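Read in order, the letters of the sequence shown are residues 1 to 396 in the working numbering. Yeah, the Cβ is synthetic: ideal placement off N, Cα and C, and Gly gets one too. In this text the structure is predicted, and so the values were computed from the model without any measurement. All remarks here apply to the structure that follows.
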Amino acid sequence: MRKAETVSSRTSSVESTRSPPANRPTASGAQMSSSMDLLSAPKAHEAIAASKSATKSKQQCNVEIDGQQRSVTCEDLVNFLRRMLNKVSAENMLKEEHKALLRRQRHISEFCKNLSVNGKNRYSHMVNFNEHAVRLKPTAPGDGKYIHASQIHHTYGNFILAQGPTRNSVVDFYRLIWSNRVKLIVCVDPLVDARNCVHYFEFNQGKTVKVARRFTVLTCKIMKTETPNLTLYELYMANKELRSGATGRKILLLHFSAWEVLRPPTARILLEIVRCMRTLETPSRGSLHPDPILVHGSCGVRRSGIVAVTSMLCNQISLTQKLSIVWTAIEIRRVRYGVLRNRLSFIIVLEAVFLYATSIGALDPHGKIHDVLPIIRRERCRLEGESRRNLHNAFA
């Protein structure tokens, strides 16, 4: 019996799970020992086959992992060690690789330093990255360098996304316009509540706004467009810091006054805003690239981001017949925090660029897009309703 109890380790796990029923007679003594020996061979064969099957599936998994790893640029281990043995090469390599890691990071130290300064930041949760931040040049005593704005230099667009001016940052806002030679401003805030954006120019023709005895802004012309609630203002901005005899600058301001955060415009109206904006942009002096377009709402993230990303994607479709909405959004989000941060913003851009692609013939309006657009519109309506319900419940 002792021999029967000490079963080989290869078959013990198998045999333990296959004990005979209680009412079935069992072999004893030498009979049990011989039966174990007879059973051990096929059971061992089954265990080996199961092990091979597991190894094969693991190899298949490794093939998939290897395929994913091949898509990542890497260095041969031997070459890496060879370079590390060279002291000068190793020091330079480590320094450059560490710098590359830092370049991928995003910092908000400048934003945090100015949180305590009244009026510099409208919202404490809408941060401004140090990287790609617009820095003002002090030209008068007391001037600072900080403003809540980000510069976007992209293949298909040149933008400055900025927070709408507060009562204490109007001077900085006009310093931003002057120092960056902005000739076109796109305002997507209704300008009815100073807590969201200060009314920094006159709605009436012939009226002037004076800003801290440094800037004067005259409203020269007011032109209504064919798009409802979209108005074009021609402003004349003068900088009193300049020497006598210096001329001011003409600035165009495109104002869409009917864009509430929870009630965005239709895709067609959004495209009209973008078309009008692209028509008005002008190239820089001595450069083929257009001057930066200043786009702002209240925080310069939600509505401003939708306008900028839609414009860039429309340019991409026009020039390349291609669309990279996810990659473009990732690039812009690395520059400006919070752009397209919810699904509704993403759906708004997606519907607009698909509609634009059909309008220029890049997509067949009777093809698959004919079935896709209704799906996008239904999802947009659902998300808009969900956002309004969430806001209502938050204040209920």
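Could you spell out the range, first to last residue, of the beta strand (DSSP E) harbouring Lys210?
-> Translated into the one-based positions of the sequence shown, residue 210 becomes position 210. Residues 208 to 211.
For Glu202, which residues of its own chain have a beta-carbon under 6 angstroms away from its beta-carbon, when the five flanking residues on both sides are left out?
-> Counting from one through the sequence shown, the residue named residue 202 turns up at place 202. Val209, Thr219.
Assign Ser311 to buried or exposed, taking buried as 16 or more other Cβ atoms, counted over all protein chains shown, within 10 Å of its Cβ.
-> Residue numbering aside, residue 311 sits at position 311 when the sequence shown is read from its first letter. The residue is buried, with at least 16 neighbouring Cβ atoms inside 10 Å.
Would you please state the rounded distance, in angstroms, between the beta carbons of Glu110 and Ala90? I believe it to be under 8 angstroms.
-> Position 110 of the sequence shown, counted from the start, is the residue given in the question as residue 110. Position 90 of the sequence shown, counted from the start, is the residue given in the question as residue 90. For a cut-off of 8 angstroms, the C-beta gap from Glu110 to Ala90 is around 34 angstroms, too long to register as a contact.
Can you name, in chain order, every residue of its own chain whose Cβ lies under 7 angstroms from the Cβ of Val117, other than the five neighbours on each side?
-> Stepping through the sequence shown from its first residue, residue 117 is reached at position 117. Result list for Val117: empty, nothing under 7 angstroms.
Could you name the residues that DSSP lists as bridge partners for Gly157?
-> As a working note, residue 157 is residue 157 in the sequence shown. For Gly157, which the question treats as bridged, DSSP gives the partners His154.
Since I believe Ile160 is in contact with Phe129 (beta carbons under 8 angstroms), could you give me their beta-carbon distance rounded to a whole number of angstroms?
-> Position 129 of the sequence shown holds residue 129. Position 160 of the sequence shown holds residue 160. About 14 angstroms; that fails the 8 angstroms criterion.
Can you tell me whether DSSP reads Ala133 as helix, strand or coil?
-> Here residue 133 is taken as the residue at index 133 of the sequence shown, counted from 1. Here Ala133 carries a strand assignment [DSSP, helix/strand/coil].
Provide the residue span of the beta strand (DSSP E) that contains Tyr200, from first to last.
-> Here residue 200 corresponds to residue number 200 of the sequence shown, with the count starting at 1. Counting along the chain, Tyr200 falls outside any beta strand (DSSP E), and DSSP gives it neither H nor E.
Can you tell which of Met237, Arg214, Thr225, Ile152 has its C-alpha closest to the C-alpha of Lys207?
-> For the purposes of this step, residue 207 is taken as the residue at position 207 of the sequence shown. Out of Met237, Arg214, Thr225, Ile152, the CA that lies nearest to the CA of Lys207 is found in Met237.
Excluding five sequence neighbours on each side, which residues of the same chain lie with their C-beta closer than 8 angstroms to the C-beta of Ala162?
-> The sequence position of residue 162 within the sequence shown is 162, counting from 1. Take Ala162, set aside five residues on each side of it, and the residues of its chain with a beta-carbon closer than 8 angstroms to its own are Val134, Ile147, His148, Ala149, Ser150, Phe173, Leu176, Leu294, Val295, His296, Gly300, Ser304, in chain order.
In terms of residue numbering, what span does the alpha helix (DSSP H) encompassing Ala194 cover?
-> Counting from 1 along the sequence shown, the entry for residue 194 is found at position 194. That residue, Ala194, is in no alpha helix (DSSP H); it is neither H nor E in DSSP.
Beta-carbon separation (whole angstroms), Lys240 vs Arg275, contact threshold 8 angstroms | Walking along the sequence shown from the start, residue 240 turns up at place 240. Walking along the sequence shown from the start, residue 275 turns up at place 275. Distance from Lys240 to Arg275 at the Cβ level is roughly 36 angstroms; contact not present, criterion being Cβ atoms closer than 8 angstroms.
Gln205: buried (16+ other C-beta within 10 angstroms of its C-beta) or exposed?
-> On the sequence shown, residue 205 is found 205 positions in, with the first residue counted as 1. By the beta-carbon neighbour count (other beta carbons within 10 angstroms, threshold 16), Gln205 is exposed.
His153 versus Glu281 - alpha carbon distance = Mapped onto the sequence shown, residue 153 falls at position 153. Mapped onto the sequence shown, residue 281 falls at position 281. Going from the Cα of His153 to the Cα of Glu281 covers about 15 angstroms.
Would a C-beta distance cut-off of 9 angstroms place Leu271 and Tyr356 closer than the cut-off?
-> Here residue 271 refers to the residue found at position 271 of the sequence shown. Here residue 356 refers to the residue found at position 356 of the sequence shown. Result yes, Cβ atoms of Leu271 and Tyr356 sit closer than 9 angstroms.
Mind checking whether Trp259 and Val188 have CB atoms under 9 angstroms apart?
-> Here residue 259 is taken as the residue at index 259 of the sequence shown, counted from 1. Here residue 188 is taken as the residue at index 188 of the sequence shown, counted from 1. For Trp259 and Val188, yes; Cβs fall inside 9 angstroms.
Spatial distance of Leu323 from Cys314 (CA atoms) = Position 323 of the sequence shown, counted from the first residue, corresponds to residue 323. Position 314 of the sequence shown, counted from the first residue, corresponds to residue 314. Leu323 and Cys314: Cα-Cα distance of roughly 8 angstroms.
Give the DSSP bridge partners of Arg333, in chain order.
-> Taking the first residue of the sequence shown as position 1, residue 333 is located at position 333. Answer by DSSP bridge pairing: none, since Arg333 is not bridged.
Please classify Leu136: is it buried, with 16 or more other beta-carbons within 10 angstroms of its beta-carbon, or exposed?
-> Locating residue 136 in the sequence shown gives position 136, counting from the first residue. Under the 10 Å beta carbon count, Leu136 is surrounded by 16 or more other beta carbons and is classified as buried.
What separation, rounded to the nearest whole angstrom, lies between the Cα atoms of Met277 and Gly367?
-> On the sequence shown, position 277 is the one that residue 277 refers to. On the sequence shown, position 367 is the one that residue 367 refers to. One C-alpha to the other measures close to 30 angstroms.
Enclosing beta strand (DSSP E) for Tyr236 [first to last residue] | Translated into the one-based positions of the sequence shown, residue 236 becomes position 236. 230 to 239 is the extent of the beta strand (DSSP E) around Tyr236.
Grab me the residues of Glu331's own chain with a C-beta within less than 8 angstroms of its C-beta, minus the 5 sequence neighbours each way, in chain order.
-> Your numbering for residue 331 matches position 331 in the sequence shown. His154, listed in sequence order.
Can you give me the start and stop residues for the alpha helix (DSSP H) that Met126 sits inside?
-> As a first step, residue 126 must be located in the sequence shown, where it is residue number 126. Unbroken run through Met126: none, as it is neither H nor E.
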